[in-house]
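There are 2 protein chains.
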Amino acid sequence: MLGFNPMSGYDLKQFADKSIGHFYWSPAKSQIYAELRRLTAAGLVTEKHVEQDGRPDKRVYALTSEGRETLASWIENSEFEQDVFKSNLMLRVFFGKSADPDSLIRLLRQNFDFEQGRVAELRAMEQQCLTAGPEHDTLFSLLTIRAGIHLAEAAVKWSEEAIKSLEARVVKA
Amino acid sequence: MLGFNPMSGYDLKQFADKSIGHFYWSPAKSQIYAELRRLTAAGLVTEKHVEQDGRPDKRVYALTSEGRETLASWIENSEFEQDVFKSNLMLRVFFGKSADPDSLIRLLRQNFDFEQGRVAELRAMEQQCLTAGPEHDTLFSLLTIRAGIHLAEAAVKWSEEAIKSLEARVVKA
DNA sequence: GTCGACATGTAACCAGTTACATGATTAA
DNA sequence: TTAATCATGTAACTGGTTACATGTCGAC
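One line per chain: the protein sequences are A and B, in this order. The first sequence runs 1222 to 1394 under the numbering used here. The second sequence runs 1222 to 1394 under the numbering used here.
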């Protein structure tokens, strides 16, 4: 994240929450501060004390040239890794025989609503990227947003389909 | 998993790897054995020593009625939880400005192939479920497979789209 | 006699979280 | 004065992994 701009631990937390938090994870602040110390010790970032007026002082971290190289090399050369997908909902559906089907239907409707909401949010973010001036390079953000839209739409479609399947079974019984 | 059948730790590992491993996680065997001891202590499963001929003895675990209730209650009553999605690929795409676009294209092509392969695998599993006799209740397995298909197809579509976007940018430069 | 599947465990480690703790500054 | 935002950290814990360790049995 420091590849975009020098930032403090506090800034990094805010930034992570609304960017990589959507498709990777939101680190705890305790971990961010710990990691910044490790990166500093490894010579990948530098720390600068910045006094502010009207606000507490902060420590701003910036990539060193070694840090920049390490970042690029990680993106370019590290091995392809499978996405991690953990779905509590699918777990419960899979074990659904041990439960009341209606409770699953309720759960799936919740998921349907939730994922529809996400599509709407992501569409709004997409519009922001598309209408941003050419001085902002939004391509990479846009790509991750597009991925989110595709996935959320898939989740919506599946929820609908699964609800129908379960409703058909309930009627028969 | 013991809701389907009494099983040994070894069985549970095999079973998990080819079922919930696809949409939740594959526990390490060390964890399975530890968890079985915890569940036994909590009175949710019972342990039975089983001698086999032609194979080492094993310990077979079965749900107690309390275990069965706890399982049903977990499926029916626990809170809705968001799916966890962690994509190393999306992380790298998001930080793509710091890297060579061609390396991202290479990565996305790898993803495209990988996800296409998954669609094929899942379609095969789907057929197995659909052609299984009515003595097997495949509905719940089928639902999770269908979810996988929807998601993998979304990933394929996105990879294609992302490759095109990045290729367009490379040409311009 | 050695390889592979079956079968069960221990110990060290680690990535990450939660809860706790502190303090500056501004605005209501 | 109290709540919100800015800002940084420590300590205890935990859900999991990896590596290590042991042994049965059948097939080739």
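For glycine and all other residues, C-beta sits at the position ideal for the given N, C-alpha and C. Given the structure is predicted, the values throughout are model-derived calculations rather than measurements.
Next item on the list: Please look up how many angstroms separate the CB atoms of L1387 of chain B and L1325 of chain B, rounded, as I've assumed it's under 8 Å.
Entry: Contact between L1387 of chain B and L1325 of chain B holds, with the beta-carbon distance rounding to 6 Å and staying under 8 Å.
Notebook entry, point to check: What does Y1282 of chain B pair with, by DSSP beta-bridge criteria?
Noted result: Paired residues: B:M1228 and B:E1268.
Check: Is it true that the region 1299-1314 of chain A meets the region 1241-1259 of chain B, where meeting means three or more beta-carbon pairs spaced less than 8 Å apart?
Finding: The answer is yes - the region 1241-1259 of chain B touches the region 1299-1314 of chain A, with three or more Cβ pairs under 8 Å.
Check: By the 10 Å Cβ neighbour count, where 16 or more other Cβ atoms means buried, how is S1380 of chain A classified, buried or exposed?
Finding: With 16 or more Cβ atoms within 10 Å of its Cβ, S1380 of chain A is classed as buried.
Check: Do the region 1227-1235 of chain A and the region 1280-1296 of chain A make contact, defined as three or more Cβ pairs closer than 8 Å?
Finding: Three or more pairs of CB atoms, one per stretch, sit closer than 8 Å, so the region 1227-1235 of chain A contacts the region 1280-1296 of chain A.
Next item on the list: Give me the Cα-Cα distance between A1263 of chain B and L1257 of chain B, rounded to the nearest whole angstrom.
Entry: A1263 of chain B and L1257 of chain B: Cα-Cα distance of roughly 10 Å.
Notebook entry, point to check: For G1224 of chain A, which residues in chain B fall below 9 Å Cβ to Cβ?
Noted result: Below the 9 Å Cβ cutoff, chain B contributes F1316, K1318 and S1319 as neighbours of G1224 of chain A, in chain order.
Next item on the list: With a threshold of 16 other CB atoms inside 10 Å of the CB of R1276 of chain A, please say whether the residue is buried or exposed.
Entry: By the Cβ neighbour-count rule, R1276 of chain A is exposed, with fewer than 16 other Cβ atoms within 10 Å of its own.
Next item on the list: Evaluate contact between the region 1316-1323 of chain A and the region 1326-1342 of chain B, counting only Cβ atoms and requiring at least three cross-stretch pairs below 8 Å.
Entry: Output reads no: the region 1326-1342 of chain B does not touch the region 1316-1323 of chain A.
Next item on the list: Identify the contact partners of M1346 of chain B in chain A, using a Cβ-Cβ distance below 7 Å as the criterion.
Entry: Near M1346 of chain B there are no residues of chain A at all, since even the closest Cβ is about 13 Å away, more than 7 Å.
Item checked: Interface flag, S1247 of chain A vs chain B, CB-CB below 8 Å -> Taking CB atoms only, S1247 of chain A has no neighbour in chain B less than 8 Å away.
Check: From this set, A:S1247, A:K1393, A:K1234 and A:Q1235, which residue's C-alpha is nearest V1305 of chain B's C-alpha?
Finding: Ranking A:S1247, A:K1393, A:K1234 and A:Q1235 by CA distance to the CA of V1305 of chain B puts A:S1247 first.
Next item on the list: Quick one: grab the DSSP three-state call for F1306 of chain B.
Entry: Note: F1306 of chain B maps to strand in three-state DSSP.
Note to self: For the region 1329-1340 of chain B, list every residue whose C-beta sits within 8 Å of some C-beta in chain A, in sequence order.
What the structure shows: For the region 1329-1340 of chain B, the set of positions with a beta-carbon nearer than 8 Å to some beta-carbon of chain A reads Q1331, N1332 and F1335 in chain order.
Item checked: Anticipated Cβ contact below 8 Å, I1370 of chain A with V1392 of chain A, distance rounded -> 33 Å between Cβ atoms; not a contact.
Notebook entry, point to check: Does DSSP put G1404 of chain A in a helix, in a strand, or in coil?
Noted result: There is simply no residue 1404 of chain A to check, as chain A begins at 1222 and stops at 1394 in what is shown.
Next item on the list: Reducing DSSP to helix, strand and coil, say where S1299 of chain B ends up.
Entry: Look at S1299 of chain B here: in three-state DSSP terms it is coil, with no helix or strand label.
Note to self: For L1233 of chain B and M1222 of chain B, I'd like the C-alpha separation in whole angstroms.
What the structure shows: Using only the alpha carbons, I get a separation of about 7 Å.
Margin query: Does W1246 of chain B come out as helix, strand or coil in the three-state DSSP assignment?
Written below: Coil.
Check: By Cβ distance, which residues of its chain are closer than 7 Å to S1286 of chain B, with the 5 residues on each side in sequence left out?
Finding: Here the set comprises nothing.
Next item on the list: Helix, strand or coil for P1322 of chain B, going by three-state DSSP, please let me know.
Entry: Helix, per DSSP.
Check: At a CB-CB cut-off below 9 Å, which residues of chain A make contact with V1391 of chain B?
Finding: Residues of chain A passing the Cβ test: none, with the nearest at roughly 11 Å.
Item checked: Contact list for the region 1367-1380 of chain B against chain A, Cβ threshold 8 Å -> Along the region 1367-1380 of chain B, going in chain order, the ones with a CB nearer than 8 Å to a CB of chain A are R1367, A1368, H1371, L1372, E1374, A1375, A1376, K1378 and W1379.
Item checked: Cβ neighbours of E1300 of chain B in the same chain (closer than 8 Å, five flanking residues each side left out) -> The beta carbon of E1300 of chain B lies closer than 8 Å to none in the same chain, with the five residues before and after it left out.
Checklist line | Coarse secondary structure for D1274 of chain A, derived from DSSP in three states | finding: If DSSP states are grouped into helix, strand and coil, D1274 of chain A belongs with coil.
Notebook entry, point to check: Counting contacts by CB-CB distance shorter than 8 Å, is V1305 of chain A in contact with chain B?
Noted result: So, interface residue.
Margin query: Which residue wins for smallest C-alpha separation from A1376 of chain A, given the options B:T1267, B:Q1303 and B:L1292?
Written below: Of the candidates B:T1267, B:Q1303 and B:L1292, the residue whose Cα lies closest to the Cα of A1376 of chain A is B:Q1303.
Notebook entry, point to check: At least one CB of chain B closer than 8 Å to the CB of E1302 of chain A: is that the case?
Noted result: The Cβ of E1302 of chain A sits closer than 8 Å to at least one Cβ of chain B.
Check: So, helix, strand or coil for F1316 of chain A, using DSSP?
Finding: Reduced to three states, the DSSP call for F1316 of chain A is coil.
Next item on the list: Consider the Cβ of S1362 of chain A: report whether some Cβ of chain B lies at a distance smaller than 8 Å.
Entry: Chain B contact via Cβ: present.
Checklist line | C-alpha gap between E1268 of chain B and S1362 of chain B, whole angstroms | finding: Spanning the two alpha carbons is a distance of roughly 27 Å.
Notebook entry, point to check: What residue from B:L1343, B:R1289, B:R1390 and B:L1329 has the CA that sits closest to T1397 of chain B's CA?
Noted result: This structure cannot settle anything about residue 1397 of chain B, because the visible part of chain B is limited to 1222 through 1394.
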